[in-house]
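In the numbering used here, the protein residues as written are 1 to 485.
Glycine is no exception: its CB is placed at the ideal position from the N, C-alpha and C atoms.
Quick caveat, the model's predicted, so the values are computed rather than measured.
Report on the structure given below.
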(Lines of atoms letter the chains of each structure in order from A and count residues from 1; the text may use other names and numbers.)
(Lines give C-alpha, C1' and ligand atoms only; values in the text may rest on other atoms or scores of the structure.)
Protein backbone atom coordinates (compact mmCIF):
# COMPACT_ATOMS: atom_id res chain seq x y z
CA UNK A 1 0.00 0.00 0.00
CA UNK A 2 1.03 3.64 -0.34
CA UNK A 3 2.80 5.21 2.61
CA UNK A 4 0.29 8.07 2.61
CA UNK A 5 -3.19 6.87 1.65
CA UNK A 6 -5.10 9.95 2.85
CA UNK A 7 -3.56 13.39 2.66
CA UNK A 8 -3.92 15.59 5.77
CA UNK A 9 -6.35 18.49 5.66
CA UNK A 10 -5.57 20.19 8.98
CA UNK A 11 -2.42 21.23 10.85
CA UNK A 12 -3.08 18.56 13.48
CA UNK A 13 -3.37 15.82 10.86
CA UNK A 14 -0.21 17.06 9.17
CA UNK A 15 1.67 16.97 12.48
CA UNK A 16 0.46 13.43 13.18
CA UNK A 17 1.55 12.33 9.72
CA UNK A 18 4.95 13.93 10.27
CA UNK A 19 5.42 12.06 13.55
CA UNK A 20 4.44 8.72 12.00
CA UNK A 21 6.79 9.20 9.05
CA UNK A 22 9.71 10.20 11.28
CA UNK A 23 9.06 7.09 13.37
CA UNK A 24 9.39 4.91 10.26
CA UNK A 25 13.03 3.78 9.92
CA UNK A 26 12.58 3.16 6.19
CA UNK A 27 11.50 6.76 5.62
CA UNK A 28 13.29 8.90 8.22
CA UNK A 29 16.66 9.97 6.85
CA UNK A 30 15.98 8.29 3.54
CA UNK A 31 13.00 10.12 2.05
CA UNK A 32 12.37 12.72 4.76
CA UNK A 33 15.06 14.65 6.62
CA UNK A 34 15.37 14.08 10.35
CA UNK A 35 13.92 17.53 11.06
CA UNK A 36 10.88 16.77 8.90
CA UNK A 37 11.39 19.85 6.74
CA UNK A 38 12.78 18.31 3.56
CA UNK A 39 11.25 15.56 1.44
CA UNK A 40 13.09 13.57 -1.20
CA UNK A 41 11.56 12.26 -4.44
CA UNK A 42 13.73 9.72 -6.25
CA UNK A 43 13.13 9.26 -9.99
CA UNK A 44 14.73 6.52 -12.06
CA UNK A 45 15.77 7.80 -15.48
CA UNK A 46 16.30 5.98 -18.74
CA UNK A 47 19.85 5.29 -19.82
CA UNK A 48 21.36 8.09 -21.88
CA UNK A 49 18.85 10.69 -20.70
CA UNK A 50 19.89 14.26 -21.61
CA UNK A 51 20.39 16.13 -18.33
CA UNK A 52 19.37 19.55 -19.62
CA UNK A 53 16.16 18.23 -21.22
CA UNK A 54 15.39 16.33 -18.01
CA UNK A 55 15.82 19.44 -15.88
CA UNK A 56 13.53 21.50 -18.12
CA UNK A 57 10.90 18.73 -18.17
CA UNK A 58 10.99 18.47 -14.37
CA UNK A 59 10.67 22.23 -13.94
CA UNK A 60 7.76 22.34 -16.38
CA UNK A 61 5.97 19.59 -14.43
CA UNK A 62 6.87 20.51 -10.86
CA UNK A 63 6.79 24.32 -10.81
CA UNK A 64 3.00 24.63 -11.33
CA UNK A 65 2.41 21.99 -8.61
CA UNK A 66 4.89 22.95 -5.90
CA UNK A 67 2.37 25.14 -4.07
CA UNK A 68 3.69 26.45 -0.76
CA UNK A 69 7.00 24.60 -0.98
CA UNK A 70 9.73 27.00 0.07
CA UNK A 71 12.35 25.55 -2.26
CA UNK A 72 12.62 22.83 -4.91
CA UNK A 73 16.08 21.54 -5.78
CA UNK A 74 16.81 19.25 -8.73
CA UNK A 75 19.84 17.03 -8.35
CA UNK A 76 21.31 13.83 -9.79
CA UNK A 77 24.00 12.50 -12.11
CA UNK A 78 22.17 13.48 -15.36
CA UNK A 79 21.96 17.06 -14.09
CA UNK A 80 25.60 17.02 -12.97
CA UNK A 81 26.54 15.77 -16.45
CA UNK A 82 24.59 18.65 -17.99
CA UNK A 83 26.43 21.12 -15.78
CA UNK A 84 29.78 19.60 -16.72
CA UNK A 85 28.79 19.91 -20.40
CA UNK A 86 28.17 23.63 -19.82
CA UNK A 87 31.57 23.85 -18.15
CA UNK A 88 33.08 22.30 -21.27
CA UNK A 89 31.65 25.22 -23.28
CA UNK A 90 33.30 27.60 -20.81
CA UNK A 91 36.58 25.79 -21.44
CA UNK A 92 36.15 26.38 -25.17
CA UNK A 93 35.69 30.10 -24.49
CA UNK A 94 38.79 30.02 -22.31
CA UNK A 95 40.80 28.65 -25.24
CA UNK A 96 39.79 31.69 -27.31
CA UNK A 97 40.88 34.07 -24.55
CA UNK A 98 44.20 32.26 -24.12
CA UNK A 99 44.76 32.42 -27.89
CA UNK A 100 44.30 36.20 -27.86
CA UNK A 101 46.79 36.59 -25.00
CA UNK A 102 49.33 34.44 -26.83
CA UNK A 103 48.81 36.51 -29.99
CA UNK A 104 49.84 39.63 -28.10
CA UNK A 105 52.93 37.89 -26.71
CA UNK A 106 53.88 36.58 -30.16
CA UNK A 107 53.56 40.01 -31.72
CA UNK A 108 55.82 41.43 -29.02
CA UNK A 109 58.39 38.71 -29.78
CA UNK A 110 58.33 38.54 -33.60
CA UNK A 111 56.88 41.93 -34.65
CA UNK A 112 55.31 40.50 -37.83
CA UNK A 113 52.07 38.76 -38.79
CA UNK A 114 53.72 35.48 -39.77
CA UNK A 115 55.41 35.20 -36.40
CA UNK A 116 52.07 35.86 -34.73
CA UNK A 117 49.74 33.58 -36.65
CA UNK A 118 51.90 30.62 -37.71
CA UNK A 119 52.56 29.27 -34.17
CA UNK A 120 48.86 29.71 -33.35
CA UNK A 121 47.99 28.00 -36.66
CA UNK A 122 50.05 24.98 -35.56
CA UNK A 123 48.03 24.77 -32.34
CA UNK A 124 44.69 25.29 -34.09
CA UNK A 125 45.39 22.69 -36.79
CA UNK A 126 46.54 20.08 -34.28
CA UNK A 127 43.45 20.81 -32.16
CA UNK A 128 41.24 20.58 -35.25
CA UNK A 129 42.74 17.22 -36.18
CA UNK A 130 42.26 15.89 -32.65
CA UNK A 131 38.65 17.07 -32.30
CA UNK A 132 37.90 15.80 -35.81
CA UNK A 133 39.30 12.42 -34.79
CA UNK A 134 37.09 12.47 -31.68
CA UNK A 135 34.03 12.96 -33.89
CA UNK A 136 35.18 10.37 -36.44
CA UNK A 137 35.53 7.74 -33.72
CA UNK A 138 32.06 8.57 -32.40
CA UNK A 139 33.36 9.73 -29.03
CA UNK A 140 31.68 12.44 -26.98
CA UNK A 141 33.55 15.56 -25.90
CA UNK A 142 33.96 15.11 -22.16
CA UNK A 143 35.04 17.88 -19.84
CA UNK A 144 38.62 16.59 -19.97
CA UNK A 145 38.77 16.16 -23.74
CA UNK A 146 37.42 19.70 -24.16
CA UNK A 147 40.63 21.01 -22.54
CA UNK A 148 42.79 19.60 -25.36
CA UNK A 149 42.53 22.78 -27.53
CA UNK A 150 43.72 24.92 -24.60
CA UNK A 151 46.52 22.44 -24.02
CA UNK A 152 47.55 22.58 -27.68
CA UNK A 153 47.67 26.37 -27.61
CA UNK A 154 50.15 26.29 -24.74
CA UNK A 155 52.27 23.32 -25.89
CA UNK A 156 52.01 23.23 -29.68
CA UNK A 157 52.61 26.98 -29.95
CA UNK A 158 55.97 26.48 -28.23
CA UNK A 159 57.12 24.14 -31.01
CA UNK A 160 56.24 26.74 -33.64
CA UNK A 161 58.00 29.49 -31.69
CA UNK A 162 61.13 27.34 -31.39
CA UNK A 163 61.18 26.74 -35.16
CA UNK A 164 60.50 30.38 -36.10
CA UNK A 165 63.09 31.79 -33.72
CA UNK A 166 65.77 29.57 -35.18
CA UNK A 167 64.67 30.28 -38.74
CA UNK A 168 64.88 34.05 -38.27
CA UNK A 169 68.34 33.71 -36.74
CA UNK A 170 69.58 31.64 -39.69
CA UNK A 171 67.86 33.90 -42.23
CA UNK A 172 70.16 36.79 -41.31
CA UNK A 173 73.15 34.95 -42.76
CA UNK A 174 71.66 32.41 -45.19
CA UNK A 175 69.37 32.31 -48.18
CA UNK A 176 65.72 31.17 -47.90
CA UNK A 177 66.28 27.48 -48.77
CA UNK A 178 69.50 27.11 -46.79
CA UNK A 179 67.90 28.82 -43.78
CA UNK A 180 65.05 26.30 -43.81
CA UNK A 181 67.46 23.36 -44.16
CA UNK A 182 69.65 24.59 -41.32
CA UNK A 183 66.61 25.29 -39.13
CA UNK A 184 65.23 21.78 -39.62
CA UNK A 185 68.65 20.24 -38.91
CA UNK A 186 69.02 22.27 -35.71
CA UNK A 187 65.46 22.01 -34.37
CA UNK A 188 64.25 18.59 -35.50
CA UNK A 189 65.86 16.61 -32.67
CA UNK A 190 65.10 19.15 -29.88
CA UNK A 191 61.44 19.45 -30.94
CA UNK A 192 61.21 15.66 -31.38
CA UNK A 193 62.64 14.99 -27.90
CA UNK A 194 60.35 17.60 -26.38
CA UNK A 195 57.36 16.02 -28.12
CA UNK A 196 58.33 12.47 -27.14
CA UNK A 197 58.76 13.32 -23.45
CA UNK A 198 55.44 15.18 -23.44
CA UNK A 199 53.73 12.31 -25.27
CA UNK A 200 55.18 9.84 -22.76
CA UNK A 201 53.64 11.85 -19.94
CA UNK A 202 50.22 11.93 -21.55
CA UNK A 203 50.26 8.29 -22.69
CA UNK A 204 50.84 7.25 -19.07
CA UNK A 205 47.32 8.52 -18.34
CA UNK A 206 45.94 5.63 -20.38
CA UNK A 207 46.74 3.34 -17.45
CA UNK A 208 44.07 5.10 -15.38
CA UNK A 209 40.87 3.16 -14.71
CA UNK A 210 38.77 6.29 -15.34
CA UNK A 211 37.62 6.31 -18.97
CA UNK A 212 37.57 10.15 -19.47
CA UNK A 213 41.14 10.28 -18.14
CA UNK A 214 42.21 7.51 -20.52
CA UNK A 215 40.61 9.25 -23.50
CA UNK A 216 42.24 12.53 -22.49
CA UNK A 217 45.64 10.82 -22.42
CA UNK A 218 45.15 9.28 -25.87
CA UNK A 219 43.89 12.43 -27.61
CA UNK A 220 46.47 14.68 -25.92
CA UNK A 221 49.24 12.35 -27.09
CA UNK A 222 47.90 12.47 -30.65
CA UNK A 223 47.63 16.26 -30.44
CA UNK A 224 51.29 16.58 -29.47
CA UNK A 225 52.28 14.23 -32.31
CA UNK A 226 50.29 16.28 -34.82
CA UNK A 227 51.87 19.47 -33.46
CA UNK A 228 55.37 18.01 -33.93
CA UNK A 229 54.63 17.07 -37.55
CA UNK A 230 53.18 20.50 -38.30
CA UNK A 231 55.89 22.48 -36.50
CA UNK A 232 58.70 20.83 -38.46
CA UNK A 233 57.38 19.81 -41.87
CA UNK A 234 54.53 22.28 -42.37
CA UNK A 235 56.53 25.33 -41.27
CA UNK A 236 59.55 24.12 -43.25
CA UNK A 237 57.40 23.75 -46.37
CA UNK A 238 55.73 27.09 -45.78
CA UNK A 239 58.98 29.05 -45.58
CA UNK A 240 60.41 27.14 -48.54
CA UNK A 241 57.51 28.26 -50.73
CA UNK A 242 56.98 31.67 -49.11
CA UNK A 243 60.33 32.75 -47.65
CA UNK A 244 60.54 35.68 -45.31
CA UNK A 245 61.78 38.76 -47.17
CA UNK A 246 62.55 40.85 -44.12
CA UNK A 247 63.72 39.73 -40.69
CA UNK A 248 63.67 41.95 -37.62
CA UNK A 249 67.16 42.95 -36.49
CA UNK A 250 66.45 41.64 -32.97
CA UNK A 251 67.01 38.10 -34.31
CA UNK A 252 70.54 38.91 -35.43
CA UNK A 253 73.44 37.50 -33.39
CA UNK A 254 74.67 41.10 -33.10
CA UNK A 255 71.35 42.33 -31.69
CA UNK A 256 71.73 44.65 -28.74
CA UNK A 257 68.14 45.09 -27.54
CA UNK A 258 67.13 44.99 -23.87
CA UNK A 259 65.94 41.37 -23.87
CA UNK A 260 69.15 40.16 -25.51
CA UNK A 261 71.22 42.08 -22.96
CA UNK A 262 69.28 40.54 -20.07
CA UNK A 263 69.69 37.05 -21.52
CA UNK A 264 73.43 37.55 -21.99
CA UNK A 265 73.82 38.65 -18.37
CA UNK A 266 71.73 35.70 -17.20
CA UNK A 267 73.68 33.16 -19.26
CA UNK A 268 76.98 34.64 -18.07
CA UNK A 269 75.85 34.36 -14.44
CA UNK A 270 74.77 30.74 -14.87
CA UNK A 271 77.94 29.65 -16.66
CA UNK A 272 80.18 31.26 -14.04
CA UNK A 273 78.28 29.94 -11.03
CA UNK A 274 77.85 26.30 -11.93
CA UNK A 275 78.30 25.01 -8.37
CA UNK A 276 75.78 27.46 -6.93
CA UNK A 277 73.23 26.63 -9.62
CA UNK A 278 73.79 22.88 -9.15
CA UNK A 279 73.38 23.09 -5.37
CA UNK A 280 70.25 25.23 -5.79
CA UNK A 281 68.62 22.68 -8.10
CA UNK A 282 69.57 19.76 -5.85
CA UNK A 283 67.89 21.54 -2.93
CA UNK A 284 64.81 22.26 -5.04
CA UNK A 285 64.61 18.63 -6.17
CA UNK A 286 64.90 17.46 -2.55
CA UNK A 287 62.11 19.80 -1.45
CA UNK A 288 59.93 18.69 -4.37
CA UNK A 289 60.43 15.00 -3.54
CA UNK A 290 59.70 15.60 0.16
CA UNK A 291 56.45 17.45 -0.42
CA UNK A 292 55.55 15.32 -3.44
CA UNK A 293 55.27 12.27 -1.19
CA UNK A 294 52.65 14.15 0.85
CA UNK A 295 50.33 14.63 -2.12
CA UNK A 296 47.15 12.59 -1.83
CA UNK A 297 45.04 11.81 -4.92
CA UNK A 298 41.44 13.02 -4.80
CA UNK A 299 38.81 12.61 -7.50
CA UNK A 300 35.57 13.58 -5.80
CA UNK A 301 33.10 15.82 -7.60
CA UNK A 302 33.56 18.47 -4.92
CA UNK A 303 37.35 18.57 -5.41
CA UNK A 304 36.92 18.89 -9.18
CA UNK A 305 34.25 21.59 -9.11
CA UNK A 306 35.33 23.55 -6.01
CA UNK A 307 33.48 24.20 -2.76
CA UNK A 308 31.84 27.38 -4.07
CA UNK A 309 30.42 25.63 -7.12
CA UNK A 310 26.55 25.47 -7.18
CA UNK A 311 26.65 21.67 -7.58
CA UNK A 312 29.02 21.32 -4.61
CA UNK A 313 26.75 23.53 -2.48
CA UNK A 314 23.73 21.37 -3.33
CA UNK A 315 25.75 18.30 -2.39
CA UNK A 316 26.60 19.88 0.96
CA UNK A 317 22.90 20.63 1.51
CA UNK A 318 21.89 17.03 0.82
CA UNK A 319 24.71 15.80 3.01
CA UNK A 320 23.42 17.97 5.85
CA UNK A 321 19.78 16.90 5.46
CA UNK A 322 20.12 13.26 4.41
CA UNK A 323 23.68 12.34 5.31
CA UNK A 324 24.90 12.11 1.73
CA UNK A 325 24.09 12.50 -1.95
CA UNK A 326 24.94 9.13 -3.43
CA UNK A 327 24.52 5.44 -2.75
CA UNK A 328 26.78 2.45 -2.53
CA UNK A 329 24.93 -0.53 -4.01
CA UNK A 330 25.63 -4.07 -2.80
CA UNK A 331 24.36 -6.56 -5.37
CA UNK A 332 23.16 -9.88 -3.95
CA UNK A 333 22.38 -12.92 -6.10
CA UNK A 334 20.97 -16.18 -4.76
CA UNK A 335 18.78 -19.09 -5.76
CA UNK A 336 16.08 -17.47 -3.64
CA UNK A 337 16.61 -14.07 -2.05
CA UNK A 338 13.59 -14.71 0.18
CA UNK A 339 15.60 -17.34 2.04
CA UNK A 340 15.90 -16.39 5.75
CA UNK A 341 19.67 -16.88 5.72
CA UNK A 342 20.12 -14.59 2.71
CA UNK A 343 17.91 -11.87 4.19
CA UNK A 344 19.70 -12.03 7.54
CA UNK A 345 23.10 -11.74 5.88
CA UNK A 346 21.88 -8.74 3.91
CA UNK A 347 20.84 -7.21 7.22
CA UNK A 348 24.29 -8.00 8.67
CA UNK A 349 25.87 -6.14 5.74
CA UNK A 350 23.67 -3.15 6.49
CA UNK A 351 24.49 -3.17 10.19
CA UNK A 352 28.22 -3.45 9.46
CA UNK A 353 28.05 -0.51 7.05
CA UNK A 354 26.59 1.72 9.77
CA UNK A 355 29.81 1.33 11.78
CA UNK A 356 31.87 2.82 8.93
CA UNK A 357 32.24 6.62 9.10
CA UNK A 358 31.66 7.15 5.36
CA UNK A 359 28.39 5.21 5.13
CA UNK A 360 24.93 5.82 6.52
CA UNK A 361 21.24 4.92 6.24
CA UNK A 362 21.33 1.46 4.63
CA UNK A 363 18.14 0.15 3.09
CA UNK A 364 17.24 -3.22 1.62
CA UNK A 365 14.60 -5.86 1.12
CA UNK A 366 15.50 -7.25 4.56
CA UNK A 367 14.34 -3.99 6.19
CA UNK A 368 11.00 -4.25 4.44
CA UNK A 369 10.49 -7.84 5.62
CA UNK A 370 11.49 -6.88 9.17
CA UNK A 371 9.06 -3.97 9.14
CA UNK A 372 6.21 -6.17 7.91
CA UNK A 373 7.02 -8.82 10.51
CA UNK A 374 7.01 -6.13 13.21
CA UNK A 375 3.57 -4.99 12.07
CA UNK A 376 2.23 -8.56 11.98
CA UNK A 377 3.90 -10.21 14.98
CA UNK A 378 5.55 -7.31 16.82
CA UNK A 379 9.02 -8.77 16.20
CA UNK A 380 11.74 -6.73 14.47
CA UNK A 381 13.55 -9.73 13.00
CA UNK A 382 13.74 -11.72 9.81
CA UNK A 383 11.52 -14.78 10.43
CA UNK A 384 13.40 -18.08 10.49
CA UNK A 385 10.49 -19.87 8.83
CA UNK A 386 10.45 -19.52 5.01
CA UNK A 387 6.66 -19.94 5.05
CA UNK A 388 6.28 -16.86 7.24
CA UNK A 389 8.41 -14.88 4.81
CA UNK A 390 6.21 -16.09 1.96
CA UNK A 391 3.16 -14.84 3.83
CA UNK A 392 4.77 -11.44 4.41
CA UNK A 393 5.78 -11.40 0.76
CA UNK A 394 2.17 -11.99 -0.22
CA UNK A 395 1.02 -8.93 1.77
CA UNK A 396 3.70 -6.71 0.26
CA UNK A 397 3.75 -8.19 -3.22
CA UNK A 398 2.18 -5.16 -4.91
CA UNK A 399 4.48 -2.69 -3.17
CA UNK A 400 6.45 -0.59 -5.66
CA UNK A 401 9.50 -0.65 -3.41
CA UNK A 402 9.55 -4.48 -3.50
CA UNK A 403 9.23 -4.52 -7.28
CA UNK A 404 12.05 -2.01 -7.72
CA UNK A 405 14.40 -3.88 -5.37
CA UNK A 406 13.91 -7.44 -6.63
CA UNK A 407 15.07 -8.91 -9.92
CA UNK A 408 13.38 -11.46 -12.10
CA UNK A 409 12.32 -14.75 -10.50
CA UNK A 410 13.27 -13.40 -7.05
CA UNK A 411 16.93 -14.32 -7.54
CA UNK A 412 18.71 -11.01 -7.01
CA UNK A 413 18.38 -7.76 -5.12
CA UNK A 414 20.45 -4.80 -3.95
CA UNK A 415 21.16 -3.16 -0.63
CA UNK A 416 21.42 0.63 -0.88
CA UNK A 417 23.77 2.42 1.50
CA UNK A 418 24.00 6.19 1.50
CA UNK A 419 27.52 7.62 1.29
CA UNK A 420 28.22 10.42 3.75
CA UNK A 421 31.65 11.40 2.42
CA UNK A 422 32.34 13.06 -0.92
CA UNK A 423 36.04 12.17 -0.64
CA UNK A 424 37.10 9.39 -2.99
CA UNK A 425 39.81 8.28 -0.54
CA UNK A 426 37.33 7.84 2.31
CA UNK A 427 34.92 5.92 0.08
CA UNK A 428 37.69 3.70 -1.25
CA UNK A 429 38.61 2.68 2.29
CA UNK A 430 34.96 2.07 3.20
CA UNK A 431 34.40 -0.06 0.09
CA UNK A 432 37.55 -2.09 0.84
CA UNK A 433 36.28 -2.83 4.36
CA UNK A 434 32.85 -3.74 3.01
CA UNK A 435 34.44 -6.14 0.51
CA UNK A 436 36.50 -7.79 3.25
CA UNK A 437 33.39 -8.26 5.38
CA UNK A 438 31.31 -9.66 2.52
CA UNK A 439 34.08 -12.07 1.49
CA UNK A 440 33.92 -13.68 4.95
CA UNK A 441 30.23 -14.54 4.55
CA UNK A 442 29.79 -18.22 3.55
CA UNK A 443 28.56 -18.44 -0.02
CA UNK A 444 27.11 -21.94 0.32
CA UNK A 445 25.10 -23.21 3.28
CA UNK A 446 22.95 -26.23 4.05
CA UNK A 447 19.59 -26.12 5.81
CA UNK A 448 19.28 -28.58 8.68
CA UNK A 449 16.05 -29.21 10.60
CA UNK A 450 17.32 -29.81 14.15
CA UNK A 451 13.88 -30.95 15.33
CA UNK A 452 14.28 -34.11 13.27
CA UNK A 453 17.65 -35.03 14.79
CA UNK A 454 18.39 -36.79 18.05
CA UNK A 455 20.33 -35.04 20.80
CA UNK A 456 23.72 -36.44 19.80
CA UNK A 457 23.28 -35.37 16.19
CA UNK A 458 22.08 -31.93 17.23
CA UNK A 459 25.22 -31.34 19.30
CA UNK A 460 27.31 -31.50 16.14
CA UNK A 461 25.63 -28.32 14.90
CA UNK A 462 25.80 -26.33 18.15
CA UNK A 463 29.26 -24.86 17.36
CA UNK A 464 27.93 -23.59 14.02
CA UNK A 465 24.94 -22.00 15.74
CA UNK A 466 27.24 -20.44 18.34
CA UNK A 467 29.51 -19.02 15.62
CA UNK A 468 26.49 -17.59 13.83
CA UNK A 469 25.26 -15.89 17.02
CA UNK A 470 28.73 -14.54 17.86
CA UNK A 471 29.19 -13.19 14.32
CA UNK A 472 25.80 -11.48 14.48
CA UNK A 473 26.75 -9.88 17.81
CA UNK A 474 30.16 -8.81 16.49
CA UNK A 475 28.54 -7.07 13.53
CA UNK A 476 26.45 -5.08 16.00
CA UNK A 477 29.52 -3.99 17.95
CA UNK A 478 29.25 -6.53 20.78
CA UNK A 479 32.67 -8.11 21.33
CA UNK A 480 32.95 -11.64 22.73
CA UNK A 481 36.32 -11.85 24.52
CA UNK A 482 36.57 -15.62 24.97
CA UNK A 483 35.03 -16.85 21.74
CA UNK A 484 36.42 -20.39 22.03
CA UNK A 485 34.76 -20.92 25.41
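{"Query": "Span separating the alpha-carbon of residue 5 from that of residue 441", "Result": "40 Å"}
{"Query": "Endpoints, the alpha helix (DSSP H) within which residue 338 is located", "Result": "Element bounds for residue 338: n/a, residue is neither H nor E."}
{"Query": "Simplified DSSP state of residue 452, which is helix, strand or coil", "Result": "helix"}
{"Query": "Contact the region 99 to 112 vs the region 202 to 218: 3+ CB pairs below 8 Å", "Result": "no"}
{"Query": "Burial state of residue 449 (16 or more Cβ within 10 Å)", "Result": "exposed"}
{"Query": "Which residues DSSP lists as bridging residue 362, in chain order", "Result": "417"}
{"Query": "Inter-residue spacing [alpha-carbon to alpha-carbon] between residue 144 and residue 218", "Result": "11 Å"}
{"Query": "Span of the alpha helix (DSSP H), counted from its first residue to its last, around residue 171", "Result": "148 to 171"}
{"Query": "Length of the line joining the Cα atoms of residue 471 and residue 351", "Result": "12 Å"}
{"Query": "C-beta contact flag for residue 161 and residue 119 at 9 Å", "Result": "yes"}
{"Query": "C-alpha distance - residue 42 paired with residue 121, whole-angstrom precision", "Result": "49 Å"}
{"Query": "Inter-residue Cα distance where the pair is residue 34 and residue 222", "Result": "52 Å"}
{"Query": "From 282, 323, 439 and 368, residue whose alpha carbon lies closest to that of residue 32", "Result": "323"}
{"Query": "Reduced DSSP secondary structure (H/G/I, E/B, other) of residue 27", "Result": "coil"}
{"Query": "Residue(s) in a DSSP beta bridge with residue 32", "Result": "28 and 39"}
{"Query": "Span separating the alpha-carbon of residue 137 from that of residue 147", "Result": "18 Å"}
{"Query": "Simplified DSSP state of residue 121, which is helix, strand or coil", "Result": "helix"}
{"Query": "Within 9 Å, strictly: CB atoms of residue 329 and residue 414", "Result": "yes"}
{"Query": "CB of residue 171 within 9 Å of CB of residue 78, strictly", "Result": "no"}
{"Query": "Residue 280, enclosing alpha helix (DSSP H) - first and last residue", "Result": "274 to 292"}
{"Query": "For residue 317, the residue or residues it bridges with in DSSP", "Result": "According to DSSP, which records beta bridges pairwise, residue 317 is partnered with nothing at all."}
{"Query": "Identified DSSP bridge partners for residue 327", "Result": "418"}
{"Query": "Sub-9 Å separation of residue 417 and residue 451 beta-carbons", "Result": "no"}
{"Query": "Residue interval of the alpha helix (DSSP H) (run including residue 188)", "Result": "176 to 203"}
{"Query": "For residue 17 and residue 23, the rounded distance between their alpha carbons", "Result": "10 Å"}
{"Query": "Touching by the beta-carbon criterion (3+ pairs, under 8 Å), the region 229 to 241 and the region 184 to 197", "Result": "yes"}
{"Query": "Beta-carbon proximity of residue 115 to residue 164, cut-off 9 Å", "Result": "yes"}
{"Query": "Test item: CB-CB of residue 412 and residue 313 under 9 Å", "Result": "no"}
{"Query": "Test item: CB-CB of residue 117 and residue 104 under 9 Å", "Result": "no"}
{"Query": "Backbone secondary structure at residue 116 - three-state DSSP", "Result": "helix"}
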